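Oh and the sequence shown: position 235 is 235 in our numbering, straight run, nothing missing.
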Amino acid sequence: MFNVRNVGEGIYWLGSSDRRLELFENAYPVPDGMSYNNYVILDDKTCLMDGIDDAVTRQFMENLDHVLNGRTLDYMVVHHMEPDHCSAIPELLQKYPDMKIVGSQKAVQMIDQFYHLKVDAITVKEKDTLDLGKHKLTFIAAPMVHWPEVMMSYESSEGIFFSADAFGAFGAMSGNIFADEVDWERDWADEARRYYANIVGKYGAQTTAVLKKASAFEIKNILPLHGHIWRKDLNLILDRYAKWASYTPEKNSVAIFYGSVYGNTANAADILSVKLAERGVRDVKVYDVSKTTVSELVSRAFEYSALVFASATYNAEIFDHMHTFLTDLENHNLSNRTVGVIENGSWAPTAGKKINEILANMKNMTVLEPQVSLLSSLNEASLAKLDELADALAAAVK
Ligand SMILES: Cc1cc2nc3c(=O)[nH]c(=O)nc-3n(C[C@H](O)[C@H](O)[C@H](O)COP(=O)(O)O)c2cc1C
Ligand SMILES: [Fe+2]
Ligand SMILES: [Fe+2]
1 MFNVRNVGEG
11 IYWLGSSDRR
21 LELFENAYPV
31 PDGMSYNNYV
41 ILDDKTCLMD
51 GIDDAVTRQF
61 MENLDHVLNG
71 RTLDYMVVHH
81 MEPDHCSAIP
91 ELLQKYPDMK
101 IVGSQKAVQM
111 IDQFYHLKVD
121 AITVKEKDTL
131 DLGKHKLTFI
141 AAPMVHWPEV
151 MMSYESSEGI
161 FFSADAFGAF
171 GAMSGNIFAD
181 EVDWERDWAD
191 EARRYYANIV
201 GKYGAQTTAV
211 LKKASAFEIK
221 NILPLHGHIW
231 RKDLNLILDR
241 YAKWASYTPE
251 KNSVAIFYGS
261 VYGNTANAAD
271 ILSVKLAERG
281 VRDVKVYDVS
291 KTTVSELVSR
301 AFEYSALVFA
311 SATYNAEIFD
321 HMHTFLTDLE
331 NHNLSNRTVG
341 VIENGSWAPT
351 AGKKINEILA
361 NMKNMTVLEP
371 QVSLLSSLNE
381 ASLAKLDELA
391 DALAAAVK
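In structure tokens form, the structure reads like this:
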């Protein structure tokens with residue numbers, strides 16, 4: 001009846017998954033739904049970690065009632081004031097009028113902005129603590145992971161790191177809420193990367209800074225607001241985050257992205273992938289940017305070390321979907337990649353020049369020569385250039 005699990009001494013996970021949701025943040029497709037985690041600490045004082053998304057508030061309130069088992073709620077820690085974690089605040093304040101909200105000053109200000117509520121809150125900053133009895137929380141400021149008001153917290157008696165949005169993933173969860181209860185690497189790593197790259201990806205420097213601060217604590221468990229809880233093999237996720245946050249690729253191989261109207265640029269992309277395979281490059285991926293959701297494309301660009309952008313010219317510009325993808329990569333601060341460029345055009349191909357203009361705004365992007373230009377379709381001369389590009393790419397990922 002209750003979607004609740006015990007995750008530590010007196011610490012409970014309250015789970016809510018939304019499998020109806022089409023687009024997270026009305027932007028990112030979530031074919032496998034979305035999970036929202038909350039936690040309750042029962043000690044001398046009772047404390048709830050964060051609110052919940054509108055879609056699952058009713059289930060959350062039932063779960064909370066069940067865990068409190070007749071006790072009142074003394075504290076609610078607001079780590080993050082984004083509505084997917086705080087929609088229940090007005091209802092919680094009505095039900096538990098003596099409940100004290102604990103959050104950063106910015107978070108408290110946002111409660112008023114969203115809900116027109118002037119709450120008598122306890123504002124906390126870096127290194128402040130909250131005593132619950134046996135359990136004690138220390139706050140860690142985590143600005144821009146994912147919003148400016150974000151705090152994370154460390155619970156010292158059990159070494160628990162409440163990490164807010166960090167270490168989350170897209171996808172609804174079953175009762176197997178611990179990463180060691182699922183084949184995380186096989187089934188969840190891609191969605192964790194797509195979540196990180198798109199939601200937090202822009203703020204690599206801030207993520208790196210908070211990871212550094214967190215490393216000062218003896219962390220035994222990571223309890224995020226979305227996705228699985230980590231109590232074993234923490235390095236699996238910490239190593240991934242260290243890479244993603246520093247824009248270091250995970251895979252030394254080539255991802256080819258094409259934007260094509262009639263299929264000729266697509267053909268060149270596929271032929272390039274064959275040439276790479278023949279040169280011993282493994283795990284090459286080819287994506288049609290019109291077909292694959294841009295959030296997946298961004299995620300793969302975070303994963304791969306070498307990226308090829310192949311685009312038809314469209315009204316003297318980059319093909320629309322490719323343009324959106326490239327500006328998204330620029331906005332997400334993607335850097336440190338090796339890049340191949342292929343353009344196509346029937347009278348004045350200019351997509352390549354435009355792609356280079358965007359790449360020039362990104363840090364440490366090495367554009368390989370030759371850049372290949374097609375006139376409508378591949379011919380002998382452009383095929384020879386494609387061979388040279390394949391040589392350069394294969395050498396770059398050796
Ligand atoms: C709406 C539209 C606008 C285009 N604008 C240009 C252009 O500005 N310059 C150009 O050389 N070709 C332009 N083209 C032609 C395509 O870039 C060209 O036919 C290319 O070879 C198509 O490659 P594909 O077979 O991969 O679609 C345009 C095509 C369309 C449909
Ligand atoms: Fe968020
Ligand atoms: Fe979130």
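Just so you know, even glycine gets a beta-carbon here, dropped at the ideal spot from N, CA and C. No experiment lies behind these values; they were computed from the predicted model shown.
Check: Endpoints, alpha helix (DSSP H) assigned at F129; Outcome: A small correction: the amino acid at residue 129 is Thr; Phe does not occupy that position in the sequence shown. Not the alpha helix (DSSP H): T129 falls in the beta strand (DSSP E), residues T129 to D131.
Check: Residues of its chain near Y115, where Cβ-Cβ distance is below 7 Å and the 5 sequence neighbours each way are ignored; Outcome: I89 and P90
Check: Coarse secondary structure for W147, derived from DSSP in three states; Outcome: coil
Check: Extent of the continuous alpha helix (DSSP H) to which F325 belongs; Outcome: D320 to N331
Check: Burial state of V200 (16 or more Cβ within 10 Å); Outcome: buried
Check: Segment contact, 8 Å Cβ cut-off, at least three pairs: the region 133-147 with the region 191-198; Outcome: no
Check: I111 versus V119 - alpha carbon distance; Outcome: 8 Å
Check: Cβ neighbours of Q206 in the same chain (closer than 8 Å, five flanking residues each side left out); Outcome: A142, P143, M144 and V145
Check: Ligand 2 heavy atom lying under 7 Å from the CB of W244; Outcome: no
Check: Cβ neighbours of E303 in the same chain (closer than 8 Å, five flanking residues each side left out); Outcome: R193, P249, E250, K251 and A255
Check: Pocket of ligand 2 (residues with CB nearer than 5 Å to any heavy atom), chain order; Outcome: E82, H146 and D165
Check: Three CB pairs or more closer than 8 Å across the region 16-29 and the region 46-56; Outcome: yes
Check: Heavy atom of ligand 1 within 7 Å of W347 beta-carbon; Outcome: yes
Check: Beta-carbon gap between F162 and M152 smaller than 8 Å; Outcome: yes
Check: Contact check, A266 vs S260, beta carbons under 8 Å; Outcome: yes
Check: Helix, strand or coil at K45 according to DSSP, with G and I counted as helix; Outcome: coil
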